[in-house]
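Trainee:
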Amino acid sequence: MRKKFLKKGIVIGLSALALTFGLTGCGENPTPQPAATSEVSWTEMLDGQEVTAKVDKAPARAISMSQATTEMMLALGLEGKMVGTAMKEEEIYPPLQQAYDKVKVLAEKWPSYETFMAENPDFATGWEVPFTKRGIPAERITSQGVPIFIPSSMQKLDADLDTVFEDMIKYGEIFGVTEEAKTWVDAQKKILSNVQSKIKDLPHKKIFVYDSSDGQPFTAFKGYTTNILKLIGADNVMENAGVDKTWAATSWESVVAADPEYIIIADYSNGVRNDEDFQEKVATIKDNPQLENVTAVRENHFIKVKLSEITPGVRTVESLQRLAEEIHGVKID
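FYI, in the numbering used here the residues of the sequence shown are 8 to 340.
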């Protein structure tokens, strides 16, 4: 998510891997048939207006307007209930690729209102931005009787991993697959518990998250990214910098003063084997004379992530295991 997406509020692939991480709905697993759903309601803030949404049966023609919400639905085996997806920002999470291939792609970014409505949707989901004038204004959708669900983890300043779990349970309630959602959540908690048991006696590490730079580094301050990293003993040096935002710019002088031990870099390279963007960012940091004495730079402690690995979605726990191994120098089985 580049800066323009981050400002909105936050703003590889084997079937065996899918089993390991408790994901459903990929490979040859059959799509679960949702049970009858009693009325499920929720409240959203859409374009600054509080809106109560509800379904009285499991949606059968859902559209996801963001990659993260698409992956959340696919993880619950809901591809058969989706008539469209949009805004693919990077490679699809490999365990979900086969399921994703079954869903119609409506647009590279966001579809027009006409394209959206041509699918006769009965449910829409995504980040908040697709449902503003930058995409399709929410009122144009809800006025046609189509409820919108924006996961809380993609809106709350204090969102954490439990918020994602709650969102997954909500998807389960809406689509009548509550048991599948609980199974997914329990599997993720079990993996995380194992990771934490292996590092519980190790000292915390200071980290800095680097997204991009336009003279000043763009980084994570509060919210989901900072909160999930705490789960593996990685403390964001910008958390207490006095910036009440999830992502914003800081100064290189602040980075020097904080002296992080590791720098986590968001890589926007296309393709799973390409890390050109990551390498360019490492070079930018190393070439900055201000940073030559920062511990992470001096010790060459740079860690590559995709933004989807440290923002709300289904990849978090797997990513935390890998990050814990790299940050703490341990192997976690």
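Backbone N, C-alpha and C define an ideal beta-carbon position, used for all residues, glycine too.
Any idea what DSSP makes of V136, helix, strand or coil?
Mentor: Residue state, collapsed to three classes: helix.
Trainee: Is the distance from the Cβ of V263 to the Cβ of L298 below 9 Å?
Mentor: Yes, these two residues count as a Cβ contact at 9 Å.
Trainee: In chain order, which beta strand (DSSP E) runs of at least 3 residues are fully inside the segment 204-271?
Mentor: Runs of the beta strand (DSSP E) inside the segment 204-271: 212-217, 224-227, 241-243, 254-256.
Trainee: DSSP state of A166, grouped into three classes?
Mentor: Coil, per DSSP.
Trainee: What residues in its chain sit with their C-beta under 7 Å from that of D167, if we drop five residues either side in the sequence?
Mentor: Closer than 7 Å at Cβ, skipping near neighbours: Y231, N234, I235.
Trainee: Between K109 and the ligand SAH, is the CB less than 8 Å from at least one heavy atom?
Mentor: Of ligands this structure carries none, so the ligand SAH is not represented either.
Trainee: Using DSSP with H/G/I as helix, E/B as strand and the rest coil, what is M79?
Mentor: It is helical.
Trainee: Buried or exposed, going by whether 16 or more other CB atoms sit within 10 Å of the CB of P37?
Mentor: Only weak support is given to the placement of P37: the predicted model assigns it a pLDDT of 48, under 50, and the question is left unresolved by the model.
Trainee: Using C-beta distances below 7 Å, list every residue in its chain close to D63, excluding the 5 sequence neighbours before and after it, in chain order.
Mentor: Counting only Cβ-Cβ distances below 7 Å, and skipping sequence neighbours, we find E46.
Trainee: Determine, using beta-carbon pairs with one atom in the segment 207-224 and one in the segment 250-266, whether at least three such pairs fall under 8 Å.
Mentor: Touching, yes.
Trainee: Is it right to say K338 is buried, meaning 16 or more other beta carbons lie within 10 angstroms of its own, or is it exposed?
Mentor: Classification of K338: exposed, given that the 10 Å Cβ count is below 16.
Trainee: Whose CA, out of L330, F309, F182, lies closest to the CA of A290?
Mentor: Closest option to A290, Cα to Cα, is F309.
Trainee: Residues in the same chain with beta-carbon distance under 6 Å from M8, minus the five sequence neighbours each way, listed in chain order, please.
Mentor: Note that M8 scores 45 on pLDDT, short of 50, meaning its location in the model is unreliable; the coordinates nonetheless yield the value given after this. If we look at M8 and ignore the five residues flanking it on each side, its Cβ neighbours are L314.
Trainee: Assuming V250 and I214 make a contact with CB atoms under 8 Å, what is their CB distance in whole Å?
Mentor: Not a contact, Cβ separation roughly 16 Å.
Trainee: What does the Cβ neighbour count give for R322, buried or exposed, with the cut at 16 atoms within 10 Å?
Mentor: R322 should be labelled buried.
Trainee: When the Cα of F123 is compared with those of F138, G320, T50, which residue comes out closest?
Mentor: Per the Cα distances, F138.
Trainee: With a threshold of 8 Å, are at least 3 pairs of Cβ atoms found where one atom belongs to the segment 175-192 and the other to the segment 133-147?
Mentor: Segments in contact, no.
Trainee: Use the C-beta contact count for K88: other C-beta atoms within 10 angstroms, 16 or more gives buried, fewer gives exposed.
Mentor: When all chains shown are included, K88 counts as buried.
Trainee: Looking at Q56 and I198, is the spacing between their C-beta atoms short of 9 Å?
Mentor: No.
Trainee: The beta strand (DSSP E) that contains K61, what's its start and end?
Mentor: K61 -> beta strand (DSSP E) spans 56-62.
Trainee: Compute the Euclidean distance between the alpha carbons of T76 and T302, then round it to the nearest angstrom.
Mentor: Between T76 and T302, the C-alpha separation is close to 37 Å.
Trainee: Could you check how far apart the C-beta atoms of L128 and I181 are, in whole angstroms? I think they sit under 8 Å.
Mentor: Leu is not the amino acid found at residue 128; the sequence shown has Pro there. Going by Cβ atoms, the distance from P128 to I181 rounds to 14 Å, so no, they are not a contact pair.
Trainee: Is M52 buried or exposed, if buried means 16 or more other CB atoms sit within 10 Å of its CB?
Mentor: Exposed, by the Cβ-count rule.
Trainee: Just reading off the beta strand (DSSP E) that M89 is part of, what are its end residues?
Mentor: Note, M89: beta strand (DSSP E), 89-93.
Trainee: Helix or strand or just coil, what does DSSP make of E51?
Mentor: Looking at E51 - three-state DSSP - the assignment turns out to be strand.
Trainee: For Q40, is the classification buried or exposed, using 16 other Cβ atoms within 10 angstroms of its Cβ as the cut-off for buried?
Mentor: Only weak support exists for where Q40 lies, its pLDDT of 49 falling under 50; the value from the coordinates is given anyway. By the 10 Å Cβ count, Q40 comes out exposed.
Trainee: Let's see if you can read the secondary structure: which residues bound the alpha helix (DSSP H) around L330?
Mentor: First-last of the alpha helix (DSSP H) with L330: 323-335.
Trainee: Going by the beta-carbon positions, is the gap between I155 and V312 smaller than 9 Å?
Mentor: Contact: no.
Trainee: Find the nearest neighbour of M175 within the set D193, V90, I206, A114, judged by alpha-carbon distance.
Mentor: Among D193, V90, I206, A114, the Cα nearest to that of M175 belongs to D193.
Trainee: Which whole-angstrom value is the C-beta distance of N153 and A125, which I expect to be below 8 Å?
Mentor: Rather than Asn, the amino acid found at residue 153 in this sequence is Val. About 13 Å separates the two Cβ atoms, so there is no contact after all.
Trainee: Would a C-beta distance cut-off of 9 Å place K116 and A93 closer than the cut-off?
Mentor: For K116 and A93, yes; Cβs fall inside 9 Å.
Trainee: Less than 9 Å between the C-beta atoms of E146 and D284, yes or no?
Mentor: No, the pair does not count as a contact, with Cβ atoms beyond the cut-off.
Trainee: Give the list of continuous alpha helix (DSSP H) stretches no shorter than 4 residues that lie fully inside the segment 270-327.
Mentor: List check, alpha helix (DSSP H) in window: 283-293, 302-305.
Trainee: When burial is assigned at 16 or more other CB atoms within 10 Å of the CB, is D294 buried or exposed?
Mentor: D294 is exposed by the Cβ-count criterion.
Trainee: Given K109, which residues of its chain have a CB within under 7 Å of its CB, disregarding the five upstream and five downstream residues?
Mentor: E86.
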